[in-house]
């Protein structure tokens with residue numbers, strides 16, 4: 016599909032990041048957000064992140080000024096071949112948005128939702144015809160993190176999921192196919208599992224918030240930037256591969272799994288984790304930490320892009 020004009024519904028951090036990436040690819044963008052200050056916020060965001068995208072080679076004849084801000088969602092989707100929906104994660108708002116834009120869509124347009132918590136099936140009920148609607152869940156910030164989780168089902172028209180993946184990959188994204196509907200999709204569930212044990216280690220007194228975070232970014236996190244955990248364990252046993260690794264470590268892992276914590280975000284837990292992250296921040300503001308995060312992500316991306 017030769018998609019040259021796109022639309023973004025919702026101009027928060029996710030929507031602004033998507034818009035920046037679409038613009039960088041040389042495409043035009045129509046944006047809708049009911050916030051009267053959205054245009055200023057989005058333009059400022061795009062200006063801030065443009066140098067990072069240039070550094071990563073993501074700017075290909077792109078122009079940050081080829082974005083139009085619309086007063087109505089229906090106006091934004093007119094003529095767009097691909098629509099990225101980023102409205103608040105509430106089913107009633109998403110359904111109302113879908114009901115509103117459906118008559119105004121181009122016949123062959125694909126609509127993808129950035130939803131992280133809602134399932135495709137839940138969202139499909141907001142459509143009269145959901146055949147060209149898919150899940151297109153990114154990781155924040157979408158202009159830097161390659162992953163997009165794409166999902167369709169038996170209500171999705173033939174070829175739409177593949178076309179959505181092709182569009183994302185043309186932007187430089189790495190896509191995975193979600194084959195079965197589960198809350199949180201794939202990567203968020205992996206994050207949730209790791210964070211649950213991170214919290215357990217803190218509240219049980221094993222280590223501080225700062226040191227648990229260090230254990231990730233200075234340890235397995237570096238390896239995970241190169242390969243996923245299963246492939247890395249496959250390499251961990253040398254020529255014997257994953258089978259030999261499992262033979263050697265099955266009892267060890269089974270014991271660790273049995274000992275993993277079961278925690279919930281109670282008020283006490285939230286207070287303890289918040290206090291820990293404030294100490295680890297050492298007075299740095301969220302904006303300062305975000306800039307540091309993005310610079311590190313750009314550095315890692317530049318390092319690994321030539322090796323993929």
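Numbering (the working numbering), first residue to last: 16 to 323.
C-beta: ideal position from N, C-alpha, C; glycine also.
Residue i - containing alpha helix (DSSP H), residue span
i	result
residue 114	106 to 116
residue 284	282 to 296
residue 135	135 to 139
residue 244	244 to 251
residue 214	202 to 218
residue 225	224 to 232
residue 263	256 to 274
residue 178	175 to 185
residue 28	28 to 39
residue 235	235 to 239
residue 55	53 to 70
Inter-residue spacing [alpha-carbon to alpha-carbon] between residue i and residue j
i	j	result
residue 137	residue 252	43 angstroms
residue 70	residue 143	43 angstroms
residue 148	residue 125	6 angstroms
residue 132	residue 218	26 angstroms
residue 64	residue 159	9 angstroms
residue 129	residue 179	13 angstroms
residue 182	residue 123	13 angstroms
residue 265	residue 259	10 angstroms
residue 176	residue 166	7 angstroms
residue 231	residue 256	24 angstroms
residue 205	residue 145	28 angstroms
residue 85	residue 250	52 angstroms
residue 216	residue 298	24 angstroms
residue 306	residue 195	36 angstroms
residue 285	residue 98	36 angstroms
residue 197	residue 203	11 angstroms
residue 267	residue 245	16 angstroms
residue 171	residue 117	15 angstroms
residue 233	residue 310	17 angstroms
residue 236	residue 87	43 angstroms
residue 28	residue 52	13 angstroms
residue 272	residue 58	47 angstroms
residue 82	residue 66	17 angstroms
residue 280	residue 150	28 angstroms
residue 75	residue 60	19 angstroms
residue 54	residue 308	25 angstroms
residue 316	residue 300	24 angstroms
residue 294	residue 169	49 angstroms
residue 174	residue 221	50 angstroms
residue 238	residue 314	15 angstroms
residue 107	residue 77	35 angstroms
The ligand GTP heavy atom lying under 7 angstroms from the CB of residue i
i	result
residue 264	For the structure depicted, the ligand GTP is absent and the ligand set is empty, with no information on it obtainable.
Proximal residues to residue i (C-beta, below 7 angstroms), its chain only, five neighbours per side dropped
i	result
residue 141	109, 110, 113, 114
residue 119	89, 92, 93
residue 304	296
residue 227	213, 216, 217
residue 121	94, 95, 96
DSSP beta-bridge partners of residue i
i	result
residue 22	45, 98
residue 84	46
residue 166	150
residue 125	97
Sequence-distant residues of its chain with Cβ nearer than 6 angstroms to residue i (five each side left out)
i	result
residue 42	19, 21
residue 247	238
Of the residues the options, the one placed nearest residue i, counting alpha carbons only
i	options	result
residue 312	268, 240, 25, 93	240
residue 105	316, 89, 216, 134	134
residue 290	61, 214, 205	214
residue 189	278, 279, 164	164
residue 277	260, 155, 17, 211	211
residue 243	201, 46, 259, 98	201
residue 68	285, 279, 156, 269	156
residue 193	52, 75, 216, 152	152
residue 224	23, 288, 79, 235	288
residue 103	282, 283, 48	48
residue 161	169, 150, 283, 191	191
residue 79	279, 269, 46, 96	46
residue 95	127, 77, 107	127
residue 292	229, 139, 17, 44	229
residue 17	107, 274, 270, 184	184
Residues near residue i by beta carbon distance below 8 angstroms, same chain, minus five either side
i	result
residue 73	36, 39, 40, 158, 186, 187
residue 199	131, 132, 207
residue 319	240, 241
residue 56	26, 31, 50
residue 282	none
residue 33	23, 99, 101, 129, 153, 157, 158
residue 209	231
Start and end residues, beta strand (DSSP E) containing residue i
i	result
residue 152	148 to 153
residue 191	189 to 192
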